[in-house]
Amino acid sequence: MDAHDIRRTVVVGVDGSEDSLRAVRWGAAEAGRRHIPLRLVHAFGWGQSDVVGHPELGHRYRDTLLAHARDQLHRAAQVAEERTPGVDVEEQLVVGAPMAVLGDESRRAQVLVLGDRGLGRLQGLLLGSVAAALGAHAACPVVVVRGSERDPADIAALPVVVGVDASATSDAAVAFAFETAAALRVSLVAVHSWWEPVFDPALSSMIFDWDAIQASEAELLEQRLAEWTAKYPEVFVERHAVRDHPAHGLLEQAAQAQLVVVGSRGRGGFSSLVLGSVGHALLHRSPCPVAIVRPDAER
0 MDAHDIRRTV VVGVDGSEDS LRAVRWGAAE AGRRHIPLRL VHAFGWGQSD VVGHPELGHR
60 YRDTLLAHAR DQLHRAAQVA EERTPGVDVE EQLVVGAPMA VLGDESRRAQ VLVLGDRGLG
120 RLQGLLLGSV AAALGAHAAC PVVVVRGSER DPADIAALPV VVGVDASATS DAAVAFAFET
180 AAALRVSLVA VHSWWEPVFD PALSSMIFDW DAIQASEAEL LEQRLAEWTA KYPEVFVERH
240 AVRDHPAHGL LEQAAQAQLV VVGSRGRGGF SSLVLGSVGH ALLHRSPCPV AIVRPDAER
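Residues in the sequence shown are numbered consecutively from 0, following numbering that gives the first Met the number 0.
In structure tokens, the structure reads:
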């Protein structure tokens, strides 16, 4: 059995929250589309098994939490079956920290799906420490299910949006976006945003030849898409090369999309950042699910 055969599941992180159940519904639809099993994973992060002076109380409390976690998994499985009848569902309860557990699961998944918030109160910290980190380091594409939940029939014809630049992570995102758009039989909106800060607009025309820059950036977009338009001729591509901040350009298009796809880090990223600034902005503000793709992530 080769590595591709092993990577035959859609993995969803489950924690009992309503947001994780939305991720389960998205993952169930994706597993049904790919005709592969849906694996529901609850990472049980138990850090202490004893109550000082009364170890038996700690054990009972742990057992109670484990039983509750199993109930949450069973409920998630029911939600998946309701969303995609007949989908093959696996339930897995793993003791460990969510990032470590889900990172390991990503090695055996085609896609890892997360809710945009969990049960923790520090929601921004949750995104920074789990979703953003997994987006940058997971071994497969990561989808964070954001935005208000809509009827599947209402979004079925909406396009997939992808951010395009000259980076390797962008190439991986473009490949994933074309593959997804082709499978869903929808169009693709390719957004290439370029930005040159101008502090004195009155002098900008003397410094920059905006028409030449626009033509050059439009040509770059065309070049980055060429391989994939040839491979997926059935996918209609709407091209946007715009002078705008990349996050803003993508957020504008995401308002009328069913998925927005970006690389884990673009050409302007700092190596010290876990996830690029565009990815961070989308995770916090996108009105639709966000897919984050690393250049070496297997699909």
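Just so you know, even glycine gets a beta-carbon here, dropped at the ideal spot from N, CA and C.
Remember, predicted model here, so these are calculated numbers, not experimental data.
query	result
Helix, strand or coil at E237 according to DSSP, with G and I counted as helix	strand
For S192, the three-state DSSP class (helix, strand or coil)	strand
Touch test, the segment 248-258 against the segment 220-230, Cβ-Cβ under 8 Å, three pairs minimum	no
Contact set for A28: own chain, Cβ-Cβ below 8 Å, skip 5 residues either direction	R82, T83 and P151
Option in A181, V142, S263 and V11 with minimal Cα separation from Y301	Nothing can be reported for residue 301: it is not among the residues displayed for the chain, which extend from 0 to 298.
Residue range of the alpha helix (DSSP H) that includes H136	A131 to H136
Close-in-space but distant-in-sequence residues of the same chain around L118 (CB under 6 Å, 5 per side omitted)	Only weak support is given to the placement of L118: the predicted model assigns it a pLDDT of 46, under 50, and the question is left unresolved by the model.
Nearest residue (CA-CA) to V259, options P97, A174, L20 and V88	A174
Buried/exposed call for I291, threshold 16 Cβ in 10 Å	buried
The alpha helix (DSSP H) enclosing I212, as first and last residue numbers	W209 to K230
Beta-carbon gap between V88 and V112 smaller than 9 Å	no
Distance between D18 and A42 (C-alpha atoms, nearest Å)	16 Å
Chain-order list of residues whose beta-carbon lies under 8 Å from that of R120 (same chain, five-residue window excluded)	The predicted model places R120 with a pLDDT of 40, which falls under 50 and marks its position as unreliable; any figure quoted below should be read in that light. There are no such residues.
Residue from L65, D62 and D115 whose Cα sits closest to the Cα of V11	D115
Neighbourhood of P294 by C-beta, 6 Å cutoff - its chain only, sequence neighbours within 5 removed	A167, T168 and A171
Rounded C-alpha distance that separates V93 from H58	17 Å
Exposed unless 16 or more other CB atoms sit within 10 angstroms - verdict on R266	Because the pLDDT at R266 is just 46, under 50, the model does not fix this residue reliably, and the value given afterwards should be weighed accordingly. That one is exposed.
Test item: CB-CB of E237 and A189 under 9 Å	yes
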